[in-house]
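**Q**
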Amino acid sequence: MAEDEAALSVIETQVAMIVRLGEATRRSSPRPHRALDRAAYVILRLLQEAGPQNVSAVAHRLNLDGSTVTRQVGAMHRDGLVERSPDPEDGRGTVIAATVRGLAQVDAVSQARRELYDTVLRDWTPHERKELAAVLERLTRDMDTYIKGRGTA
């Protein structure tokens, strides 16, 4: 059990460090890294992958409160990154879609991030990169499942 506790301690610390270093990298990098804040990037990536979504679906997928997403979408709309339209399924709701400008910005940020990770991981083999990608996907999926299972959004 001590070995498992030691591993959990390393995981806890390293996840915290990755989050901190990721934010520090974004803040210290020139455009396009800084072209989008974290919330806008994640929302635009979701819209890019899944297409137009109502605000409730975005909030559920990202484990956020609907009012938080509404506020973030309002800022993104003012910046011309998303467009809003009435939800055909629920007239009280809103469907958001990425604009051409929003998609261009998320593509630019994504490309800059891939270039950064390519540099950081330059000494890693393709197999090691693939393993890391698989482990990160699993961690993200399991954390998402855990949060949704707790009923917190």
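The sequence shown begins at 0 in numbering that gives the first Met the number 0 and counts up by one.
By construction, the Cβ of each residue, glycine as well, lies at the ideal position given by its N, Cα and C atoms.
Is the CB-CB distance between residue 68 and residue 81 below 8 Å?
**A** Contact: no.
**Q** Pull up the DSSP beta-bridge partners for residue 94, would you.
**A** 53 and 84
**Q** In this structure, does DSSP put residue 14 in helix, strand or coil?
**A** helix
**Q** Can you find the residues in the same chain that come closer than 7 Å, C-beta to C-beta, to residue 120, ignoring five residues on each side of it along the sequence?
**A** 128
**Q** Put residue 66 into one of helix, strand or coil per three-state DSSP.
**A** Note: residue 66 maps to helix in three-state DSSP.
**Q** Whole beta strand (DSSP E) runs in the stretch 105 to 146 with 3 or more residues, listed along the chain?
**A** none
**Q** My understanding is that residue 153 touches residue 93, with C-beta atoms under 8 Å, so please give their C-beta distance in whole angstroms.
**A** This structure cannot speak to residue 153, because the chain is shown only from 0 to 152.
**Q** For residue 140 and residue 87, I'd like the C-alpha separation in whole angstroms.
**A** 30 Å
**Q** Using a 10 Å radius around the Cβ and a threshold of 16 neighbouring Cβ atoms, would you call residue 104 buried or exposed?
**A** buried
**Q** Mark residue 39 as exposed unless 16 or more other C-beta atoms lie within 10 angstroms of its C-beta, in which case mark it buried.
**A** buried
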